[in-house]
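Numbering (the numbering used here), first residue to last: 658 to 951. Where is the CB? At the ideal position from N, CA and C, for every residue including glycine. Notes for the one structure printed next.
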Amino acid sequence: MAALSLAGRGHAAPARPIVVGSKNDTEGTLLGNLISVALEGLGLSVERRLGLGPTLIVRSALLAGEIDLYPEYTGNVAFFSGTETDPGWKTAERAYDLASRLDAERRLVWLARAPANNTWLIAVRGEFARTHGLATMLDFAGAVRGGLIRLAASTEFVESPAALPSFEAAYGFSLPLSRIISLPGGDTAVTARAAAEGISGINAGMVYGTDGALAALDLTVMSDPRGAQIVYEPAPVIRAATLDRHPQIRGALDRIFVRLDADTLRRLNAAITVEGRTAAAVAAGWFAAQASHP
């Protein structure tokens with residue numbers, strides 16, 4: 658027994674890998690790969706569980722300790738915590754502060770956020786937007802009042818108080834249901850293409866702020882100057898215990914995420930959804946380019 662004990666002391670157990678998770682969407686997988694590449698660059702052992710599932714599954718895995726970190730959006734904490742009516746969620750700085758404070762109670766740490774708001778937005782067919790001078794939701798509201806808009810959107814976008822009704826309240830318009838094509842699910846690839854191609858007379862579609870196909874489809878995203886929508890900026894969320902063991906993670910990931918503005922994320926997402934490259938290849942290529950230009 659003593660000999661076995663001494664032998665055991667001479668062979669330390671291998672370090673537990675850091676488990677990186679992500680949601681099962683394009684951007685989540687992209688960001689999960691970027692996080693993984695960065696951690697491997699630190700010499701850490703990484704286990705990738707990317708494309709794990711929708712938000713609640715990945716969030717539950719983090720809370721249960723099944724994964725160590727994953728990319729999340731600030732605004733989602735509003736719904737995790739039941740505080741979505743707090744106006745603070747509609748400004749970037751305040752939303753990040755709220756997310757950080759509320760999750761600290763669960764021993765979760767928010768690292769630096771990307772300056773890219775992947776919230777619900779409305780995009781208009783480019784030619785139509787240029788002809789009618791549409792650039793903001795104020796312009797869009799005028800076009801609605803003029804009977805010019807036909808919108809493709811998910812049922813959730815149409816019915817959720819946080820989505821289309823929030824835009825209508827902020828900008829003083831009401832889009833009749835007869836001028837909305839409501840689709841099940843939340844696939845913006847479908848609503849964006851419908852707007853771009855003018856299917857069934859549609860000239861506007863529900864999109865997310867960092868969708869990759871916006872430029873390729875020649876869609877003009879309506880800006881939200883009155884802040885009708887909750888802010889959804891992505892950032893790595895890590896278990897405090899994991900960060901305590903590997904404090905160098907913070908600096909490595911902060912340097913990446915502060916560079917991921919909306920244009921950059923749209924371009925990287927487009928490399929996946931439009932060009933057909935893998936998320937792993939796109940992440941590795943961008944990381945290598947950043948390393949050569951610190």
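Could you spell out where the alpha helix (DSSP H) holding residue i opens and where it closes?
i             : result
glutamate 854 : 845-854
glutamate 825 : 821-828
leucine 791   : No alpha helix (DSSP H) contains leucine 791, which DSSP labels as neither H nor E.
arginine 934  : Note, arginine 934: premise wrong, no alpha helix (DSSP H); not H, not E.
So, residue i versus residue j, is the Cβ gap smaller than 8 Å?
i                 : j              : result
phenylalanine 944 : valine 781     : no
arginine 916      : glutamine 947  : yes
serine 811        : glycine 858    : no
serine 679        : valine 715     : yes
asparagine 690    : threonine 712  : no
alanine 909       : tryptophan 767 : no
glycine 862       : threonine 776  : no
alanine 792       : alanine 919    : no
alanine 752       : valine 888     : yes
isoleucine 675    : leucine 696    : yes
leucine 709       : asparagine 681 : yes
alanine 809       : isoleucine 779 : no
glycine 884       : threonine 930  : no
leucine 687       : leucine 925    : yes
tyrosine 828      : leucine 805    : no
glutamate 890     : alanine 749    : yes
alanine 819       : glutamate 729  : no
So the beta strand (DSSP E) residue i belongs to, where does it begin and stop?
i            : result
tyrosine 727 : 726-730
valine 766   : 765-767
Since residue i sits in a beta bridge, which residues does DSSP pair it with?
i              : result
isoleucine 837 : Leu808
proline 893    : Pro728
methionine 863 : Ile779
valine 703     : Ile675
tryptophan 746 : In DSSP, tryptophan 746 forms no bridge with anything.
threonine 877  : Val781
glycine 710    : Lys680
In the structure shown, what three-state DSSP assignment does residue i receive?
i              : result
isoleucine 675 : strand
leucine 910    : helix
threonine 740  : coil
alanine 664    : Interpretation of alanine 664 is limited by its pLDDT of 41, a score under 50 that renders its predicted location unreliable; no figure is taken from the coordinates.
leucine 759    : helix
alanine 669    : Bear in mind that a pLDDT of 49 at alanine 669, under 50, signals an unreliable position, so the number given afterwards is only what the model happens to contain. Looking at alanine 669 - three-state DSSP - the assignment turns out to be coil, as it is neither helix nor strand.
glutamine 886  : coil
aspartate 868  : coil
valine 801     : helix
alanine 659    : Note that alanine 659 scores a pLDDT of 41, beneath 50, so its modelled location is shaky; the value from the coordinates is reported in the next line. Three-state DSSP puts alanine 659 in a helix.
serine 693     : helix
aspartate 901  : helix
leucine 719    : helix
glycine 858    : helix
glycine 942    : helix
aspartate 976  : In the structure as shown, the chain begins at 658 and stops at 951. Residue 976 is therefore absent and cannot be evaluated.
alanine 927    : helix
arginine 770   : coil
valine 915     : coil
valine 832     : According to the sequence as given, residue 832 is leucine; it is not valine. Coil.
Verify the contact flag: residue i, CB atom, against every heavy atom of the ligand NAD, threshold strictly below 7 Å.
i            : result
arginine 705 : As for the ligand NAD, it is missing from this structure, which has no ligand bound.
Taking only beta-carbon atoms, is residue i less than 8 Å away from chain D?
i              : result
tryptophan 777 : This model lacks chain D altogether; it includes just one protein chain.
Given 8 Å, three or more beta-carbon pairs between the stretch 846-858 and the stretch 868-884:
Result yes; three or more Cβ-Cβ pairs closer than 8 Å.
Segment contact, 8 Å Cβ cut-off, at least three pairs: the stretch 892-902 with the stretch 719-731:
Three or more Cβ pairs closer than 8 Å define a contact, and the stretch 892-902 meets that threshold against the stretch 719-731.
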